[in-house]
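K.L.:
Residue numbers (this note's numbering), protein chains in the order written: chain H, 32 to 453; chain P, 1490 to 1814; chain L, 105 to 531. Have a look at this one.
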């Protein structure tokens, strides 16, 4: 709409009254097509997820266990052959067993694409404006580049490489260009002198005690961090917005009840809430994401509420209300878009906390040990600090810079989007 | 005022009660991992897993109706009977009390240091906004809040312990017990204090700076200047005092949570046998009562902290009306 | 004629920002004599508040900066006191063989007596005692200014809501002001504070002493601030739009109170306002500022009777009820980071000729037959001043017809149609 307006003013002669609104409507005729594609993509995703759930998910296990009388039996639901353990996609060279976390991650990426990338692409004027604001902060731009690289490498590369396994011919190899004394007890691929060993390009970042390649571990760690950060944050945003906006809009006892609940949830120190829950349940990445996503939204919902309360005082809001718009419509069309800047900023600043918490839990051994996270690798390197400094140091650097980058970007976003801040 | 405090205390009690209840529900719906372990052990040693389960349930009172178990659970916690630690063979509270001094030994100095240094730098930055010092402090604060404390601890151990040998790598409980106020003890507590303080200083600094900036530009500070107040007087009386109001929120609420969470990681990294380490060991050893006890400690500290913070707020800020809530 | 108590000479106050240097005050002169009321009038952004805050340097420095200019404070008591306290920073015009000229003519920067470190300037001594001299506030260090701020020159501000510290009782804040400039003990200071509250018309002063600012209404807060300003019987009160944020009825009360106090204590008042109605009521002399420059200054009756500068004329015509229709001045204030050449008002002036757009702001010409000075080329040699002494609105309409609207936006990107009215503008 904004773009259409500027088009008209640019043509010079036309005034507001002269604009043919029907024409404007027609010019944005690509919208229904896009909406169709959007809905189609979500539908396709839903069908695939359902297929996988029937074929291979917990539902399939339950089916085999209780209906067909044992995991070995064959069973067909809606024409889908139930086969637990088989990978979801198997095209010979490309095998991808889509896990629950993967499904969530794909869903998150789809939401990000349709509700962040597409609107920005469709509104180049706004995008350019935001970019100009954002570009002023050089640290944030560098951070953005870094995070995009981490994101792309972490999402794409793990599809083509397998989880690094123990290799007892390549234990404690140093990173390339560095040397280490062989007295430390590791294996050696390139012997410089009798007592000095040099790292090679075969394992550019070195290997762990049991010979796993640190570069691969780090790449898988990128995926874990991105998954935790993005999925849990999206869940937080959705819940926080729903709770915060309805508390502000409905007021009265609904507001009271919801906010008292938020009080209680926030009184429980988040780290210990996560700790207790991950102790009580069998630890897995999926569970960790669920815990972070379902119980980490308290702070954001308070921001949404207070922001929405301010907005509901404003004229346009009252105008919409007096025009007879339904409560849901008013919240969706007038409250949420107006608080979205605060939500995005708060969410960006919440991501590093989630990534850090996952790393800490993995470090403590409270996460799924089979999934290589940065925290797990740091923990593994702890016992070999004297002999193999790189094992704990390298993934830690990635963790540190990732958190730093999110903090820089969050700060820049706050400057760019939040006019109340200086 | 008194009425407000009473209501606020009552609310704190309700929060504590609700948290206890929710935890009880979680315990109920999750599979008891000790049962599986007991049954496995019984089966291995040739016993009857079912009998072992019965005995276990009998011992823990699990065969009673849900409601009875719930009321007993709540009364026990209220009465200070926090259960029995299987791994340490002592009551949970005794285990916590025994390990508390080690936690206090490094966290108390950290709190003091991070508060004083963090607020000092923050205020200085606010008063000298847009100077090089301010930019430097802001930039360093970013590192402080971003560096993962457990990894930072490991790096410090690697550099100053392993490579340079300035500080011991292994925490010696005997030194802490017998020579609490000695140089040797300070040496082994130094790195943990640094790690714990770094993040807290950075957080404090950023917050203090943001808050103070609001008041540095305030009209009433100009009034004070026009009165002829000295720079120090303006800072200490007219800027710091109103800044303290929102800062008290940070100090009690956020900082406490941060320290409690960090202390667990710090104790694991440095091998300090404090409450955090106790909690970690309990988790690893599946000692459920002890896990609950060590988790409730920070929870109740947080409940009380929030209470004190709200009361402090009303004392510090005359504008707050006690009628709210 | 005796020397003015405060003379501001060629004052330049700048702010360094990301977008360039903002020259908020760009070379102005203002004199305030004992016991008189001087009003600085101008629309928002004209630099009048910055002028008032430059006098005792209570503005934030940095980003504020006074690179050029002098603010002379001629209170012999203070000069003697500070001369004793800062002997090394005293400059004696006669003893030290300096080129500086004493007196009150505008000294160009290089002609200022002494060098950077000297801020107590002694012009005459009778025996050992200093009998004439001044303090250069621009050069004075903070610890010298502290004695003057609140002690000799007090301030009251525009917004009483935020000028009081919310976490202290009003009593505490007045006692602070009293004790900063006296040796009174707590009890005596309290007595004095209650007297002051009573003096400014706070009913039941002793009981309100321990109340917090939020328990007072806006008008009452402004009274408290005035009480605080009176704490040590200042010679000058600088009032920066003290009535703008208040209701009209309260405004009148506050103005009456100020007039009453001025009569009692014989203070001078430097009153900053955009409201010409207030000026007419209280001023002895008026200084009209526009975009960091003085357009016109003079005795209040002369200035209201025959405004010399087109801008003053326009301002007065904006006043409702002064004959004719209400007028708005087309265009808006010029850029403060990059001001236009020539007269600052030229882009909006219907009379502007080519000379108005070149060189610097015209000098202050005396107006014949009146106690008035004006910065307008039409009062210089070779111009007919009667050209500008016509109705502004009529002239504006005339030029708009013949010139296709040159007044709106010939320079400095002034094509937005913001307008100035005498009753609006400031915050």
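Quick reminder that beta carbons are idealized off the backbone N, C-alpha and C, glycines included.
Quick one: which residues of the stretch 1695 to 1717 of chain P get their C-beta closer than 7 Å to a C-beta of chain L? List them in chain order.
P.N.:
Correct list: 1707, 1708, 1709, 1711, 1712, 1714, 1715, 1716 and 1717.
K.L.:
At the level of alpha carbons, what is the spacing between residue 148 (chain H) and residue 142 (chain H)?
P.N.:
Within the first chain, the letter at position 117 stands for residue 148 (chain H). Within the first chain, the letter at position 111 stands for residue 142 (chain H). Going by the C-alpha atoms only, they are around 9 Å apart.
K.L.:
Tell me which residue opens and which closes the alpha helix (DSSP H) that residue 406 (chain H) is part of.
P.N.:
If you number the first chain from 1, residue 406 (chain H) lands on position 375. First-last of the alpha helix (DSSP H) with residue 406 (chain H): 405 to 413.
K.L.:
Taking the continuous alpha helix (DSSP H) assigned at residue 325 (chain L), which residues delimit it?
P.N.:
Here residue 325 (chain L) corresponds to residue number 221 of the third chain, with the count starting at 1. Note, residue 325 (chain L): alpha helix (DSSP H), 322 to 333.
K.L.:
Just verifying my parser: in three-state terms, what is the DSSP assignment at residue 205 (chain L)?
P.N.:
Here residue 205 (chain L) corresponds to residue number 101 of the third chain, with the count starting at 1. For residue 205 (chain L), the pLDDT reaches just 46, beneath the cut-off of 50, and the residue's location in the model is therefore unreliable, although a value from the coordinates is still provided. Coil.
K.L.:
Between residue 1757 (chain P) and chain H, is any beta-carbon pair separated by less than 8 Å?
P.N.:
For the purposes of this step, residue 1757 (chain P) is taken as the residue at position 268 of the second chain. Closer than 8 Å: yes.
K.L.:
For chain H, is any of its Cβ atoms less than 8 Å away from the one on residue 1684 (chain P)?
P.N.:
Looking up residue 1684 (chain P) in the second chain gives position 195. For residue 1684 (chain P), not one C-beta of chain H is nearer than 8 Å to its own C-beta.
K.L.:
Based on the DSSP output, what are the partners of residue 120 (chain L) in its beta bridges?
P.N.:
Here residue 120 (chain L) refers to the residue found at position 16 when the third chain is read from its first residue. Residue 120 (chain L) is bridged to L:125.
K.L.:
Once the 5 residues before and after residue 264 (chain L) are set aside, which same chain residues still bring their CB inside 7 Å of it?
P.N.:
Here residue 264 (chain L) corresponds to residue number 160 of the third chain, with the count starting at 1. Around residue 264 (chain L): 322, 325, 326, 329 and 349.
K.L.:
Give me the chain H residues within the contact set of residue 1519 (chain P), using Cβ-Cβ distance strictly less than 7 Å, ordered along the chain.
P.N.:
Counted from its first residue, the second chain places residue 1519 (chain P) at position 30. Chain H residues near residue 1519 (chain P): 311 and 312.
K.L.:
Would residue 1755 (chain P) pass as a contact of residue 1642 (chain P) if the rule is Cβ separation under 8 Å?
P.N.:
Looking up residue 1755 (chain P) in the second chain gives position 266. Looking up residue 1642 (chain P) in the second chain gives position 153. Cβ distance < 8 Å, so residue 1755 (chain P) and residue 1642 (chain P) count as in contact.
K.L.:
When the Cα atoms are used, what is the spatial distance from residue 1537 (chain P) to residue 1770 (chain P)?
P.N.:
Within the second chain, the letter at position 48 stands for residue 1537 (chain P). Within the second chain, the letter at position 281 stands for residue 1770 (chain P). Near 29 Å, if we compare the C-alpha coordinates of residue 1770 (chain P) and residue 1537 (chain P).
K.L.:
Is there a Cβ of chain L sitting closer than 8 Å to that of residue 1720 (chain P), yes or no?
P.N.:
Here residue 1720 (chain P) refers to the residue found at position 231 of the second chain. Interface criterion met: the Cβ of residue 1720 (chain P) is under 8 Å from a Cβ in chain L.
K.L.:
Give the residues from the stretch 242 to 259 of chain L that approach chain P closer than 9 Å (Cβ to any Cβ), ordered along the chain.
P.N.:
So the close ones are 246, 247, 249, 250, 251, 252, 253, 254, 255, 257, 258 and 259.
K.L.:
Taking only runs of the beta strand (DSSP E) that begin and end inside the stretch 451 to 511 of chain L, which ones reach a length of at least 3 residues, in chain order?
P.N.:
476 to 478
K.L.:
Could you give the distance in angstroms between the alpha-carbon of residue 1715 (chain P) and the alpha-carbon of residue 157 (chain L)?
P.N.:
Here the question's residue 1715 (chain P) lines up with position 226 in the second chain. Here the question's residue 157 (chain L) lines up with position 53 in the third chain. Rounded to the nearest angstrom, the two C-alpha atoms are 9 Å apart.
K.L.:
For chain P, check one thing: does any of its Cβ atoms lie closer than 8 Å to the Cβ of residue 229 (chain H)?
P.N.:
Here the question's residue 229 (chain H) lines up with position 198 in the first chain. Judged by the 8 Å Cβ criterion, residue 229 (chain H) is not in contact with chain P.
K.L.:
Please list, in chain order, the residues of the stretch 1567 to 1586 of chain P that have any C-beta partner in chain H closer than 8 Å.
P.N.:
From the stretch 1567 to 1586 of chain P, no residue has a Cβ closer than 8 Å to chain H.
K.L.:
Report yes or no: is there a C-beta of chain P within less than 8 Å of the C-beta of residue 147 (chain L)?
P.N.:
Against the third chain, residue 147 (chain L) aligns to sequence position 43. So no, residue 147 (chain L) is outside the interface.
K.L.:
Would you mind working out which of P:1762, P:1575 and P:1625 sits nearest residue 1664 (chain P), comparing C-alpha positions?
P.N.:
Translated into the one-based positions of the second chain, residue 1664 (chain P) becomes position 175. Cα-wise, what sits closest to residue 1664 (chain P) is P:1762.
K.L.:
My understanding is that residue 138 (chain H) touches residue 76 (chain H), with C-beta atoms under 8 Å, so please give their C-beta distance in whole angstroms.
P.N.:
The residue given as residue 138 (chain H) occupies position 107 in the first chain. The residue given as residue 76 (chain H) occupies position 45 in the first chain. Residue 138 (chain H) to residue 76 (chain H), Cβ: 7 Å. Contact.
K.L.:
Is the stretch 302 to 316 of chain H touching the stretch 1767 to 1786 of chain P in the sense that three or more CB pairs, one from each, lie closer than 8 Å?
P.N.:
With the rule of 3 Cβ pairs closer than 8 Å, the stretch 1767 to 1786 of chain P counts as touching the stretch 302 to 316 of chain H.
K.L.:
Flag this pair as touching only if the stretch 298 to 312 of chain L and the stretch 125 to 143 of chain L have three or more C-beta atom pairs under 8 Å; answer yes or no.
P.N.:
Here the stretch 298 to 312 of chain L makes no contact with the stretch 125 to 143 of chain L; the two share fewer than three CB pairs at distances below 8 Å.
K.L.:
Helix, strand or coil for residue 171 (chain L)? Go by DSSP, reduced to three states.
P.N.:
Counted from its first residue, the third chain places residue 171 (chain L) at position 67. Here residue 171 (chain L) sits in strand by DSSP.
K.L.:
Where does residue 298 (chain L) fall in DSSP's three states?
P.N.:
Position 194 of the third chain, counted from the first residue, corresponds to residue 298 (chain L). Residue 298 (chain L): helix per DSSP, three-state reduction.
K.L.:
When you compare only the Cα positions, how much space is there between residue 1685 (chain P) and residue 1766 (chain P)?
P.N.:
Working through the second chain from its first residue, we reach residue 1685 (chain P) at position 196. Working through the second chain from its first residue, we reach residue 1766 (chain P) at position 277. Looking at the two C-alpha atoms, the distance is approximately 15 Å.
K.L.:
Sort out for me which residues DSSP pairs residue 230 (chain L) with in a bridge.
P.N.:
To locate residue 230 (chain L), count along the third chain from 1; it is residue 126. Paired residue(s): L:233.
K.L.:
Return helix, strand or coil for residue 1692 (chain P), following the three-state DSSP convention.
P.N.:
Translated into positions along the second chain, residue 1692 (chain P) becomes position 203. Helix at residue 1692 (chain P).
K.L.:
What is the rounded straight-line gap between the Cα of residue 403 (chain L) and the Cα of residue 236 (chain L)?
P.N.:
Translated into positions along the third chain, residue 403 (chain L) becomes position 299. Translated into positions along the third chain, residue 236 (chain L) becomes position 132. When rounded, the separation of the alpha-carbon atoms in residue 403 (chain L) and residue 236 (chain L) is 26 Å.
K.L.:
Output the distance between the C-alpha atoms of residue 282 (chain L) and residue 354 (chain L), rounded to the nearest integer angstrom.
P.N.:
Within the third chain, the letter at position 178 stands for residue 282 (chain L). Within the third chain, the letter at position 250 stands for residue 354 (chain L). Taking the straight line from one Cα to the other gives about 26 Å.
K.L.:
Can you pull the DSSP bridge partners for residue 376 (chain L)?
P.N.:
Within the third chain, the letter at position 272 stands for residue 376 (chain L). Bridge partners of residue 376 (chain L): L:144 and L:344.
K.L.:
Nearest-angstrom Cα distance between residue 489 (chain L) and residue 483 (chain L)?
P.N.:
Here the question's residue 489 (chain L) lines up with position 385 in the third chain. Here the question's residue 483 (chain L) lines up with position 379 in the third chain. C-alpha separation (whole angstroms): 5 Å.
K.L.:
Verify the CB distance criterion: does residue 369 (chain L) have a CB-CB separation below 8 Å to chain P?
P.N.:
Position 265 of the third chain, counted from the first residue, corresponds to residue 369 (chain L). Among the residues facing chain P, residue 369 (chain L) is not included, as its CB has no counterpart in that chain under 8 Å away.
K.L.:
Whole angstroms are fine: how far does the CA of residue 1634 (chain P) sit from the CA of residue 1691 (chain P)?
P.N.:
Locating residue 1691 (chain P) in the second chain gives position 202, counting from the first residue. Locating residue 1634 (chain P) in the second chain gives position 145, counting from the first residue. Cα to Cα, residue 1691 (chain P) sits roughly 6 Å from residue 1634 (chain P).
K.L.:
Sort H:417, H:438 and H:409 by Cα distance to residue 428 (chain H) and report the nearest one.
P.N.:
Indexing the first chain from 1 puts residue 428 (chain H) at position 397. Considering only alpha carbons, the answer is H:409.
K.L.:
Which residue or residues does DSSP assign as beta-bridge partners of residue 238 (chain H)?
P.N.:
In the first chain, the residue the question calls residue 238 (chain H) occupies position 207. Paired residues: H:244.
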